[in-house]
Each structure stands twice: as structure tokens, then as C-alpha cells.
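Visitor: Line by line, the protein sequences are chains Y and H.
Plus 82 on top of the position in the first sequence (first one is 1) and you've got the working numbering.
Plus 10 on top of the position in the second sequence (first one is 1) and you've got the working numbering.
Ideal Cβ placement from N, Cα and C applies to all residues, glycine included.
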Amino acid sequence: MSEKVAVVTGGAGGIGQAVVGRLARAEFRVLILDKNEEAGRDAAELLRRQNYDAEFHPVDLKRATEIKELFETIYAKTKRIDVLVNLAGGTLHKWPIQEFPLFDWREVIDVNLKGTFLCCQAAIKPMKERKQGIIINTSSNFGITGSPGRTAYSAAKAAVIAFTKSLALELAPYGVRVNAIAPGLTATARVMTGHTEAEWRQVTETIPMGRAAAPNEIAEAVNFLASDESGYITGQLIHVNGGMVFS
Amino acid sequence: MKRLEQRIAIVTGAGQGIGRAIALGFAREGARVAIADVNEESANTVKNEIEASGERALAIRTDVSNEKSVQAMVERSLKEFLRVDILVNNAGIFPTSPVEEMSEEDWDRVIGTNLVGAFLCARAVVPKFLEQGTGRIISLTSGRAFQGAKNGAHYAASKAGIIGFSKSLALELAPHGITVNVICPGITDTAQPRGHQTEEQIYAQAQRIPLGRIGQPEDLVGPAVFLASDAAAFITGQTILVNGGSIMW
């Protein structure tokens with residue numbers, strides 16, 4: 083059984099599955115947190131069949147109490163959380179601003195930003211106590227460039243960057259590092275089904291490298307930040323976008 | 011599993027400090043390294059260190075500010091290793107003087123080494139990169155690029171220039187799958203800051219660094235290996251800050 087524990091929210095999604103697979107290969111015991119129970123169980127089962135240590139916990143990131151209780155349960159069992167990856171999130175709703183219902187806007191902010199805050203808050207205690215830990219949050223190229231129809235998502239993803247920097251400053255004295263990744267267009271099933279083949283070609287042509295990211299390329303950046311190789315990196319944002327947006 | 015097996019790397023300024031650490035780190039990952047340094051003796055010392063560990067290396071006396079010297083260095087490396095996969099632009103100098111006392115020669119020497127040197131080295135390897143259809147360029151900047159440097163305006167300008175140059179080159183080379191990125195160290199425990207700061211001043215800076223210590227050359231190795239490896243194939247035009255949180259960008 084692996085010693086090191088990684089908790090990955092959104093671990094059953096397209097990027098999430100690549101991330102939990104990569105971390106499993108890096109000898110983490112991976113805990114997949116996701117609202118999608120079927121995909122979560124399947125993802126954990128797939129890893130266990132390859133002899134990796136993986137388990138699934140359903141979670142609704144809109145429920146603060148549920149998150150707190152889940153992390154307490156996890157911590158009681160594992161006695162350690164080495165890495166927290168906050169991947170859960172997404173555009174969820176696209177509306178022109180004049181039509182954007184407040185309910186939808188709040189949901190986007192809550193899932194992407196508040197969910198990240200709540201999971202960090204719930205995971206920090208064991209990290210501070212052990213004076214080690216790594217948190218990796220997920221921003222987006224849209225958090226830098228903005229995107230029409232995605233006012234809420236872009237705002238949430240920009241906010242994740244400032245939140246990450248502030249938390250990095252708070253936790254640096256405890257040796258806990260906090261960084262963020264900003265994936266560009268990534269070829270997940272969810273993203274690709276939203277485009278016709280012609281649309282997809284058109285979108286990828288605007289990317290300097292001429293293609294979307296493969297989910298495993300995002301996972302490699304997460305793995306880098308989750309390793310000792312990035313031991314002197316904190317408060318930073320790593321873009322994986324084929325040159326679409328520069329830091 | 012070695013991540014740079016069979017790769018050929020050229021590391022400038024690899025005779026000491028961060029460049030040396032990166033050259034040794036690349037060799038540990040299986041790369042063959044050309045150690046390009048203006049100081050031939052220190053280049054040879056690093057070459058011997060690498061060869062003692064069983065990897066091949068080449069020491070080449072190089073003045074990166076000199077077009078002919080750079081061209082000769084790249085030709086020599088290609089003759090020995092037949093290809094080149096990774097260029098690390100690390101060579102740099104940091105003399106100090108207030109702007110009003112800065113001579114044109116001072117200015118030209120700093121820009122010529124730190125910025126023009128990176129351009130010359132990149133230009134010299136790109137034809138081979140295009141022929142191979144692969145390549146990685148990693149250049150070193152400095153926190154001074156963001157914050158400025160009192161008595162080091164030429165240095166700060168050269169290092170900010172590295173970032174603008176790298177983003178532009180990243181756009182030019184992206185269609186060919188060649189990536190160009192920048193690593194930005196903070197204050198690092200090498201000879202360089204000792205040229206203008208006392209030991210006390212250097213270590214006192216740890217108090218202002220969130221992670222509570224100044225950087226070591228080894229801190230830059232992981233990020234450099236990552237950017238040079240297949241794992242970072244879709245990362246280009248980026249600047250990775252490795253500074254214990256002292257600047258967040």
C-alpha cells in the first residue's frame with residue numbers, strides 16, 4: 083500500500099482521470115472525490131485493477147458541511163494528506179451578461195471558487211500539523227484572457243489565482259506549497275462533444291502549437307507540482323496551453 | 011526511468027552555479043551535455059564530474075556574446091553528438107553601477123552577454139531543431155526583470171528582454187512542436203550575488219522569502235528537467251518562477 087496520500091477533487095472527470103492515474107504511478111494512494119458517483123467508482127476500480135491504491139468518495143462541493151465531514155473522515159483514516167488537487171469545476175453555464183441568471187452565476191462561482199476554498203480549508207489542518215503539504219488549484223487561460231459568455235467562469239478562475247497566492251503566503255511558514263495550473267483547451271470527452279469537427283479544427287488552429295492539450299499533459303504539470311522537484315515553487319501559476327496565453 | 015535518455019543538451023554558463031547544477035542534473039537523467047563556458051577550466055571541471063558519473067560530456071570555451079564563438083560552439087557540439095535537443099541559455103553577468111555612471115561599454119557587455127547571447131545561441135540551434143522536428147529552449151531570467159535592480163539597470167533590462175524574446179520565439183517555433191520557456195530563480199546561493207552583496211546581506215534575504223530560505227542551484231534542476239522532458243511538451247512561452255514565493259506573477 084502506498085504511503086503518500088493525494089486527494090483529487092473532480093478526479094473522475096476527463097482531466098481528473100489522467101491526474102489520478104499519473105499520481106498513482108508516482109506512488110500516491112489516490113482518493114478520488116467527485117459528484118459523479120458512477121464515473122468515480124469506475125475510475126477508482128480501473129486503478130485498483132492495475133494494482134494501484136485508489137478509492138472513491140462522492141462529494142457535492144456546494145455543501146460546506148459535507149466537505150468538512152468528508153475530509154475529517156479521510157484524515158481519521160489516512161492520518162495524512164500529502165497533496166490536494168482541486169480540479170473540480172467547469173464553465174457550467176454560458177450566458178450573455180444581460181441574460182445571466184444570478185442563480186447560475188452563483189453556482190459557477192461557488193463550484194469553481196468556493197469549492198476550492200472549502201476543500202483547502204478542510205485539508206490544511208493535517209498539512210500544518212505535519213509541516214508539509216502541497217495544494218494544487220485549477221485556474222484557466224480564461225482567468226487571464228476572459229471569454230464571452232463566461233463572465234462567471236473567468237471571474238472565478240481569475241479569483242483562484244489571487245486566492246492561491248494568498249494561501250501560499252499563509253502556508254509558506256509551515257512548508258506547505260500552494261500553486262495553480264491553468265490548462266488551455268484540453269481534449270476531454272466533455273469538451274470535444276461541445277464542438278463539431280469543423281469547429282474543433284477552427285479552435286485548435288488558433289493555438290500556436292496547433293492542437294489542444296491531451297489530458298495527460300495537464301496531469302504531468304500536476305505531477306511536477308506534486309513532487310519534490312518543484313520544492314522551491316510556491317504561489318505560482320503554470321500554464322499548459324500550447325502558447326495560447328503567456329504568463 | 012531516466013527522462014532525458016539519449017538527449018543532447020547545450021548549457022551555457024555551465025561551469026559554475028545554476029548552469030553547473032542543471033548540466034549535472036541533465037546528465038543524471040541520461041543526457042549528454044555540452045558545457046559552454048567562457049572559463050575553460052571550470053567547464054573542464056564540470057565535464058570531468060559528469061564523465062566520472064559515466065555520462066558523456068563536452069567542455070567548450072564559449073563567449074556567448076560573440077557570434078563566431080557561438081557558431082563554433084554549436085558546430086563543435088554537433089560534430090561530437092550529431093544532434094541537439096535542448097539549449098539552456100544560462101550564461102549571464104551582473105556587474106553593478108548606477109545608471110549615471112554606466113558606460114556604454116558596461117551596457118553593451120551586459121546586454122550583449124545576457125540577452126544577445128541568448129539570441130545568438132537560440133539562432134544557432136534552431137536550424138537543427140527544425141531539421142529534427144524537435145527541440146527545447148530554456149532561458150534563465152531573474153526576479154530583477156519584474157522588480158528592477160538598483161545599480162543593475164542593464165541587468166534588469168537584459169533579463170526582462172529574455173522574457174519578451176522567449177515569448178516571441180515560442181510563437182515562431184510552436185507550429186514545429188519546439189517549445190521555448192523561461193525559468194526565473196530568486197536570490198540563489200551562487201557566486202553571482204557575492205559580486206555585489208556580503209554573505210550577511212545574502213542570507214538575511216531568507217527572512218523576506220515566504221519559504222524561509224534562499225534558493226540553492228539544485229532548486230532549479232527539477233524545473234529545468236521538467237521543461238526539457240516529454241512531460242512539458244505542451245508548455246511554451248511560459249515563465250516558471252522558482253523563488254520560494256518571493257515574487258508571485
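Mind checking Met11 of chain H: buried by the 16 CB within 10 Å criterion, or exposed?
Guide: As a position in the second sequence, residue 11 of chain H is number 1, starting the count at 1. When all chains shown are included, Met11 of chain H counts as exposed.
Visitor: Going by Cα to Cα distance, which pick from H:Trp117, H:His206, H:Leu125 is closest to Ser75 of chain H?
Guide: Locating residue 75 of chain H in the second sequence gives position 65, where the first residue counts as 1. The option with the nearest alpha carbon to Ser75 of chain H is H:Leu125.
Visitor: Grouping DSSP H, G and I as helix and E and B as strand, with all else coil, what is Ile217 of chain Y?
Guide: Here residue 217 of chain Y refers to the residue found at position 135 of the first sequence. Ile217 of chain Y falls in the strand class under three-state DSSP.
Visitor: Strictly below 9 Å CB to CB, what residues from chain H border Ile320 of chain Y?
Guide: Counting from 1 along the first sequence, the entry for residue 320 of chain Y is found at position 238. Ile245, Gln248, Ile250, listed in chain order.
Visitor: Report the three-state DSSP secondary structure of Ser149 of chain H (helix, strand or coil).
Guide: What you label residue 149 of chain H is simply residue 139 of the second sequence in a count that begins at 1. Strand, per DSSP.
Visitor: Residue range of the alpha helix (DSSP H) that Glu9 of chain H falls in?
Guide: No answer is possible for residue 9 of chain H: the residues shown for chain H start at 11 and end at 259.
Visitor: For a cutoff of 9 Å on Cβ pairs, would you count Met258 of chain H as touching chain Y?
Guide: Translated into the one-based positions of the second sequence, residue 258 of chain H becomes position 248. It does: the Cβ of Met258 of chain H has a partner Cβ on chain Y nearer than 9 Å.
Visitor: With 9 Å as the threshold, decide whether the Cβ of Glu299 of chain Y is near any Cβ in chain C.
Guide: No chain C appears in the structure shown, which is made up of the protein chains Y and H.
Visitor: Return helix, strand or coil for Ile245 of chain H, following the three-state DSSP convention.
Guide: Counted from its first residue, the second sequence places residue 245 of chain H at position 235. Ile245 of chain H falls in the coil class under three-state DSSP.
Visitor: Using 9 Å as the limit for Cβ to Cβ distance, is Lys138 of chain H near chain Y?
Guide: Reading the second sequence from its first residue, position 128 is the one you call residue 138 of chain H. Not closer than 9 Å to any Cβ of chain Y, the Cβ of Lys138 of chain H fails to qualify, so no.
Visitor: Any idea which residues DSSP pairs Ala19 of chain H with across the strands?
Guide: Position 9 of the second sequence holds residue 19 of chain H. According to DSSP, which records beta bridges pairwise, Ala19 of chain H is partnered with H:Val43, H:Ile96.
Visitor: Can you confirm whether Glu376 of chain Y, when its beta carbon is compared against all beta carbons of chain H, has any partner nearer than 9 Å?
Guide: Examination of residue 376 of chain Y is not possible in this model, given that chain Y is present from 83 through 329 alone.
Visitor: Can you find a CB in chain Y that lies within less than 9 Å of the CB of Phe175 of chain H?
Guide: Sequence index remark: in the second sequence, residue 175 of chain H carries index 165 (1-based). Cβ-Cβ to chain Y under 9 Å: no for Phe175 of chain H.
Visitor: Measure the alpha-carbon distance for Gly103 of chain Y versus Gly145 of chain H and round it to whole angstroms.
Guide: For the purposes of this step, residue 103 of chain Y is identified with residue 21 of the first sequence, where counting begins at 1. For the purposes of this step, residue 145 of chain H is identified with residue 135 of the second sequence, where counting begins at 1. Looking at the two C-alpha atoms, the distance is approximately 27 Å.
Visitor: Could you check what DSSP says for Phe224 of chain Y in three-state terms: helix, strand or coil?
Guide: Sequence index remark: in the first sequence, residue 224 of chain Y carries index 142 (1-based). Residue state, collapsed to three classes: helix.
Visitor: Name the chain H residues whose beta carbon is nearer than 7 Å to that of Phe328 of chain Y?
Guide: For this step, residue 328 of chain Y is matched to residue 246 along the first sequence. Result: Lys177, Gly247, Gln248.
Visitor: Cβ-heavy atom distance between Leu181 of chain H and the ligand COA below 8 Å?
Guide: The ligand content of the structure shown is nil, which means the ligand COA is not present either.
Visitor: Do Gly96 of chain Y and Thr268 of chain Y count as a contact pair if the criterion is CB distance below 9 Å?
Guide: To locate residue 268 of chain Y, count along the first sequence from 1; it is residue 186. To locate residue 96 of chain Y, count along the first sequence from 1; it is residue 14. Yes, these two residues count as a Cβ contact at 9 Å.
Visitor: Taking Glu85 of chain H as the reference, give the member of H:Leu181, H:Ser168, H:Leu68, H:Ala101 with the closest Cα.
Guide: Reading the second sequence from its first residue, position 75 is the one you call residue 85 of chain H. The option with the nearest alpha carbon to Glu85 of chain H is H:Leu68.
Visitor: Between the Cα of Cys3 of chain H and the Cα atoms of H:Ser176, H:Ala201, H:Leu181, H:Gly187, which residue gives the shortest distance?
Guide: As shown, chain H starts at 11 and ends at 259. That puts residue 3 of chain H outside it, with no answer to give.
Visitor: Cutting at 6 Å between CB atoms, please list the residues of its own chain near Ala240 of chain Y, excluding the five before and the five after it.
Guide: The sequence position of residue 240 of chain Y within the first sequence is 158, counting from 1. So the list reads Gly225, once near-sequence residues are dropped.
Visitor: Looking only at its chain, what residues have a beta carbon closer than 7 Å to the beta carbon of Val190 of chain Y, apart from the 5 residues adjacent to it on each side?
Guide: By one-based count along the first sequence, residue 190 of chain Y stands at place 108. Leu174, His175, Ala234, Tyr235, Ala238, listed in sequence order.
Visitor: How about Lys144 of chain Y and Gly197 of chain Y: do their beta carbons lie closer than 9 Å?
Guide: One-based indexing of the first sequence puts residue 144 of chain Y at position 62. One-based indexing of the first sequence puts residue 197 of chain Y at position 115. Cβ atoms of Lys144 of chain Y and Gly197 of chain Y: closer than 9 Å.
Visitor: Can you give me, in chain order, the residues of the segment 108–124 of chain H that have a beta carbon less than 8 Å from any beta carbon in chain Y?
Guide: When CB distances to chain Y are screened at a threshold of 8 Å, not a single residue of the segment 108–124 of chain H falls below it.
Visitor: Whose C-beta lies closer than 6 Å to the C-beta of Lys138 of chain H among residues of the same chain, with five residues either side of it excluded?
Guide: The residue you call residue 138 of chain H lines up with position 128 of the second sequence. These residues qualify, in order along the chain: Val94.
Visitor: Report buried or exposed for Asn133 of chain Y, applying the criterion of at least 16 other Cβ atoms within 10 angstroms of its Cβ.
Guide: Taking the first sequence and counting its residues from 1, one reaches residue 133 of chain Y at position 51. The residue is exposed, with fewer than 16 neighbouring Cβ atoms inside 10 Å.
Visitor: So Leu169 of chain Y and Thr275 of chain Y are in contact, right, with Cβ under 8 Å, and what is the actual spacing, rounded?
Guide: Residue numbering aside, residue 169 of chain Y sits at position 87 when the first sequence is read from its first letter. Residue numbering aside, residue 275 of chain Y sits at position 193 when the first sequence is read from its first letter. 19 Å between Cβ atoms; not a contact.
Visitor: Less than 6 Å between C-beta atoms, sequence neighbours within five positions excluded: which residues of the same chain meet that for Ala88 of chain Y?
Guide: Locating residue 88 of chain Y in the first sequence gives position 6, counting from the first residue. Contacts found: Leu105, Phe110, Val112, Val165.
Visitor: Would you kindly work out how many angstroms separate the C-alpha atoms of Glu111 of chain H and Ser149 of chain H, rounded to a whole number?
Guide: Residue numbering aside, residue 111 of chain H sits at position 101 when the second sequence is read from its first letter. Residue numbering aside, residue 149 of chain H sits at position 139 when the second sequence is read from its first letter. Going by the C-alpha atoms only, they are around 29 Å apart.
Visitor: Using the Cα positions of Ile149 of chain Y and Gln215 of chain H, report the straight-line distance between them to the nearest angstrom.
Guide: Numbered from its first residue, the first sequence carries residue 149 of chain Y at position 67. Numbered from its first residue, the second sequence carries residue 215 of chain H at position 205. Each residue's Cα considered, the two are about 39 Å apart.
Visitor: Is Val74 of chain H helix, strand or coil when you go by DSSP?
Guide: Walking along the second sequence from the start, residue 74 of chain H turns up at place 64. Here Val74 of chain H sits in coil by DSSP.
Visitor: Please name the residue, chosen from Y:Gly266, Y:Arg259, Y:Met209, Y:Ala262, that lies closest to Ser229 of chain Y on a Cα-to-Cα basis.
Guide: If you number the first sequence from 1, residue 229 of chain Y lands on position 147. For the residues Y:Gly266, Y:Arg259, Y:Met209, Y:Ala262, the minimum Cα distance to Ser229 of chain Y belongs to Y:Gly266.
Visitor: List, in chain order, every chain H residue whose beta-carbon is nearer than 8 Å to that of Gly313 of chain Y.
Guide: Sequence index remark: in the first sequence, residue 313 of chain Y carries index 231 (1-based). Result: Asp229, Gly232.
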